[in-house]
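In the order they appear, the protein sequences are chains V and H. Residues in the first sequence are numbered from 38 upward in steps of one, following my numbering. Residues in the second sequence are numbered from 5 upward in steps of one, following my numbering.
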Amino acid sequence: MTRFLVLARRFGPYRAFSDALSMHPGLRYGLVAVLPVLWIVVANIAPLARMVLISFYESFPLPPGETPTLTLAQYQAFFERPLYLTAFARTFIFAALATALTLFVIFPIAYYISKVVPRDKRLRLLLLAIAPFWISEIIRSFAWILMLANRGAVNSFLMWMGLTGRPVELLYNNISLTIGVLYLTSLYMLLPLYAALEKIDDRLIEAASDLGALRFTILRRIIMPLSREGIITGCVLVFLLVTGLYALPQLLGGPSNTLFASIVGQVFSRAGDSWPLGSAFSVILMGVSLAFVAIFMALFQSRRTRA
Amino acid sequence: MKTLGRLTLPVYFWLFVAYLFLPLLVMAAVGFRDSNFVAFPIQAWTTRWYQSVVFERDIMSSIWVSVKVALGATALSLIIGIPMAFFVAGLRGFRRAAMIAVIMLPAFLPVIVAAISLRMFIGVLGLQTGIGAIIFGHAVSTIPFVVVMILTRLGAMSPNLADAARDLGADEFIVFLRVTLPFLMPAIFGGAVFSMLLSFEDFVRSFFLGGFEPTFPVLLFSKLRFGFDPGLAAISTMVLVASIVIGLYAERFSRRRQLGNSSKIVALDQR
Numbered sequence: 038m039t040r041f042l043v044l045a046r047r048f049g050p051y052r053a054f055s056d057a058l059s060m061h062p063g064l065r066y067g068l069v070a071v072l073p074v075l076w077i078v079v080a081n082i083a084p085l086a087r088m089v090l091i092s093f094y095e096s097f098p099l100p101p102g103e104t105p106t107l108t109l110a111q112y113q114a115f116f117e118r119p120l121y122l123t124a125f126a127r128t129f130i131f132a133a134l135a136t137a138l139t140l141f142v143i144f145p146i147a148y149y150i151s152k153v154v155p156r157d158k159r160l161r162l163l164l165l166a167i168a169p170f171w172i173s174e175i176i177r178s179f180a181w182i183l184m185l186a187n188r189g190a191v192n193s194f195l196m197w198m199g200l201t202g203r204p205v206e207l208l209y210n211n212i213s214l215t216i217g218v219l220y221l222t223s224l225y226m227l228l229p230l231y232a233a234l235e236k237i238d239d240r241l242i243e244a245a246s247d248l249g250a251l252r253f254t255i256l257r258r259i260i261m262p263l264s265r266e267g268i269i270t271g272c273v274l275v276f277l278l279v280t281g282l283y284a285l286p287q288l289l290g291g292p293s294n295t296l297f298a299s300i301v302g303q304v305f306s307r308a309g310d311s312w313p314l315g316s317a318f319s320v321i322l323m324g325v326s327l328a329f330v331a332i333f334m335a336l337f338q339s340r341r342t343r344a
Numbered sequence: 005m006k007t008l009g010r011l012t013l014p015v016y017f018w019l020f021v022a023y024l025f026l027p028l029l030v031m032a033a034v035g036f037r038d039s040n041f042v043a044f045p046i047q048a049w050t051t052r053w054y055q056s057v058v059f060e061r062d063i064m065s066s067i068w069v070s071v072k073v074a075l076g077a078t079a080l081s082l083i084i085g086i087p088m089a090f091f092v093a094g095l096r097g098f099r100r101a102a103m104i105a106v107i108m109l110p111a112f113l114p115v116i117v118a119a120i121s122l123r124m125f126i127g128v129l130g131l132q133t134g135i136g137a138i139i140f141g142h143a144v145s146t147i148p149f150v151v152v153m154i155l156t157r158l159g160a161m162s163p164n165l166a167d168a169a170r171d172l173g174a175d176e177f178i179v180f181l182r183v184t185l186p187f188l189m190p191a192i193f194g195g196a197v198f199s200m201l202l203s204f205e206d207f208v209r210s211f212f213l214g215g216f217e218p219t220f221p222v223l224l225f226s227k228l229r230f231g232f233d234p235g236l237a238a239i240s241t242m243v244l245v246a247s248i249v250i251g252l253y254a255e256r257f258s259r260r261r262q263l264g265n266s267s268k269i270v271a272l273d274q275r
């Protein structure tokens with residue numbers, strides 16, 4: 038390849054072009070920037086802009102020759118049906134609870150891998166905890182269905198032990214939903230927490246413990262503050278993941294705990310002129326979840342500057 | 005008391021590992037059950053599910069669709085992601101932060117929002133729902149990760165390397181091919197495998213952007229809504245093992261390359 042490029046330099050126009058690139062970093066940069074800028078506009082910005090626009094339409098696709106009238110009707114529909122509002126509120130409460138639960142469950146795991154285990158074994162244990170996350174959400178939900186179903190592994194085990202005479206209802210309710218969601222979210226909490234905890238100097242912890250600090254004090258006064266960045270990142274990632282969950286709640290959750298993303302999907306795929314309504318719901322979901330994240334980050338970042 | 009305290013964390017950790025792996029092991033075991041129904045304990049064992057599922061046309065064709073989509077999305081995200089990393093690397097200060105925010109945006113949107121906005125947009129690009137649209141949708145979601153991985157590696161590269169090559173008479177193309185690209189290779193490889201796995205396991209985007217040919221997760225989802233049999237457990241197990249093996253291999257490879265390469269580069273730098 039190099040030989041070919043060296044040969045190509047005998048060819049005048051090519052040499053002029055490549056010399057121009059060497060001489061003018063600006064030209065080089067401009068050429069490199071074309072494709073990325075185009076992509077950012079087409080893939081990252083335009084679809085969202087179009088979605089926001091469609092959410093103000095009365096119907097879509099428009100009848101030919103008609104100019105679109107902008108309306109707030111789609112947004113009103115959201116506030117008129119209690120079904121939508123309760124699912125919406127439930128989603129955000131559930132997301133907040135799931136985020137807190139994930140933090141509580143994963144923090145000791147991240148602490149154990151990054152602070153207790155000897156350095157050369159850390160990566161192996163981390164990989165062990167990460168490996169299941171290369172698998173599809175659907176396959177993982179399926180695995181939990183097999184665990185929790187009435188004739189599934191857990192119930193069979195309980196009945197074999199004689200702990201229960203007939204199957205316990207584990208599937209299609211909040212239990213199965215929570216177990217499944219935790220299974221999805223742990224990675225997004227584990228990696229930022231691990232990265233943050235790993236950076237903490239062990240000597241700080243030793244010093245505190247030499248000075249007689251209790252374990253809880255060390256946790257509260259040293260480890261928590263120094264890993265704040267990781268905690269914030271993890272919580273934000275998990276929260277956004279849960280608010281957008283679509284498939285897992287349909288497989289593991291019951292009819293009474295539908296999350297808002299499923300409703301958005303249903304509304305959007307419904308026959309008829311449902312794109313504007315689906316768009317409006319998406320805009321609401323996106324706006325509120327990003328607002329939550331912004332408030333959350335503002336709260337905790339300001340605390341850091343005070344300290 | 006002290007030993008008890010010392011034991012709590014390891015025990016808790018291994019319980020967590022059991023929580024992660026037990027369902028997967030149960031699923032693998034169900035695939036060996038000699039019956040048309042799923043129940044426990046498994047008394048009669050058979051390998052027929054693992055054998056026969058390979059001949060089920062709809063499952064195999066959905067896996068083939070998934071593979072095509074994953075390869076296409078990976079290629080596209082490298083073609084766009086590599087220049088995008090260079091583009092961001094050339095920015096400073098506020099512009100850089102703002103550009104990174106815009107690039108990362110698709111990774112932070114609720115997945116359903118991303119899928120729906122793309123579904124309504126593909127018509128503008130002249131795409132129909134189908135493999136092409138899914139590839140586009142997956143690339144949108146994987147490019148942020150590719151860019152971040154390459155950008156991190158790019159930040160570790162000394163500008164002296166490229167300058168030295170230029171002083172020795174290399175033109176820009178040779179510098180890119182012989183100096184920059186080899187240095188970035190671990191990050192590119194890591195980003196590629198990450199994109200591939202992310203694309204292969206995606207459900208929501210494939211579901212909304214797909215046409216009549218479902219990807220494997222979409223097919224599995226629609227089958228699971230009507231029930232399940234040991235055959236589904238068998239094929240899921242096989243896909244799962246393949247994903248984990250590829251993921252672990254890629255992780256190892258890119259880490260080894262990274263260590264090897266950077267030490268060499270450091271040695272070169274100091275000379």
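Every residue gets a Cβ at the ideal spot worked out from N, C-alpha and C, and that includes glycine.
Tyr283(V) counts as buried, since at least 16 other C-beta atoms from the protein chains shown sit within 10 angstroms of its C-beta. Assignment of Arg307(V) by DSSP, reduced to helix, strand and coil, places it in the coil class. Within the stretch 241-305 of chain V, the runs of alpha helix (DSSP H) that reach at least 4 residues and sit entirely inside it are, in chain order, 252-255, 265-280, 284-289. Nearest Cα to Pro84(V) within the set His61(V), Phe297(V), Val320(V), Ile332(V): Val320(V).
At a cut-off of 7 Å between beta carbons, Leu82(H) makes no contact with chain V. DSSP, reduced to helix, strand and coil, places Arg256(H) within a helical segment of the structure shown. Annotation: Pro186(H) has no Cβ neighbours in chain V at a cutoff of 9 Å; minimum Cβ distance is about 12 Å. Put simply, the CB of Asn211(V) is far from chain H, with every gap to its CB atoms at 7 Å or more. Below the 8 Å Cβ cutoff, chain H contributes Leu113, Pro114, Val117 as neighbours of Met323(V), in chain order. Within the same chain, Cβ atoms closer than 7 Å to the Cβ of Leu227(V) are found at Ile143, Ile146, Ala147, Ala166, the five residues on either side in sequence being excluded. By the criterion of a C-beta distance shorter than 6 Å, Ala45(V) is surrounded in its chain by Tyr51, once the five residues flanking it on both sides are discounted. Cβ proximity to chain H below 7 Å picks out nothing from the stretch 244-258 of chain V. For Gly215(H), no CB of chain V lies under 7 Å from its own CB, so it is not counted at the interface with that chain. Spatial neighbours of Gly251(H) in its own chain (CB-CB distance under 8 Å, excluding positions within 5 residues in sequence) are listed in chain order as Val197, Leu201.
Counting the other Cβ atoms within 10 Å of the Cβ of Asn187(V) gives fewer than 16, which makes it exposed.
Against chain V, the CB of Ser65(H) has no partner CB under 7 Å away; the residue lies outside that interface.
By the criterion of a C-beta distance shorter than 8 Å, Gly97(H) is surrounded by no residue of its chain, once the five residues flanking it on both sides are discounted. Nearest neighbour of Tyr253(H) by Cα position, chosen from Leu164(V), Thr139(V), Ile300(V), Phe141(V), turns out to be Leu164(V). A contact between stretches requires three or more CB pairs, one per stretch, nearer than 8 Å, and the stretch 87-96 of chain V fails this requirement with the stretch 273-289 of chain V. Not one beta carbon of chain H lies nearer than 7 Å to the beta carbon of Leu90(V). For Glu176(H), the enclosing alpha helix (DSSP H) has its first and last residue at 176-179.
By the C-beta density criterion, Asn192(V) is buried, having at least 16 other C-beta atoms within 10 angstroms. Here Gly215(H) is actually not in contact with Met153(H); their C-beta atoms are around 31 Å apart, not less than 8 Å. The Cβ neighbour count for Lys158(V), taken over all protein chains shown within 10 Å, is under 16; the residue is labelled exposed.
Within the same chain, no Cβ atom closer than 6 Å to the Cβ of Thr184(H) is found once the five residues on either side in sequence are excluded. For Pro114(H), the closest C-alpha among the options Ser299(V), Ile332(V), Glu206(V) is that of Ser299(V). DSSP links Trp49(H) through a beta bridge to Arg37(H). At a cut-off of 7 Å, the C-beta of Met334(V) has no neighbouring C-beta in chain H. Selection Asp247(V), Val273(V), Phe116(V) evaluated against Ile332(V) yields Val273(V) as nearest (Cα-Cα). For Tyr209(V), the three-state secondary structure derived from DSSP is coil.
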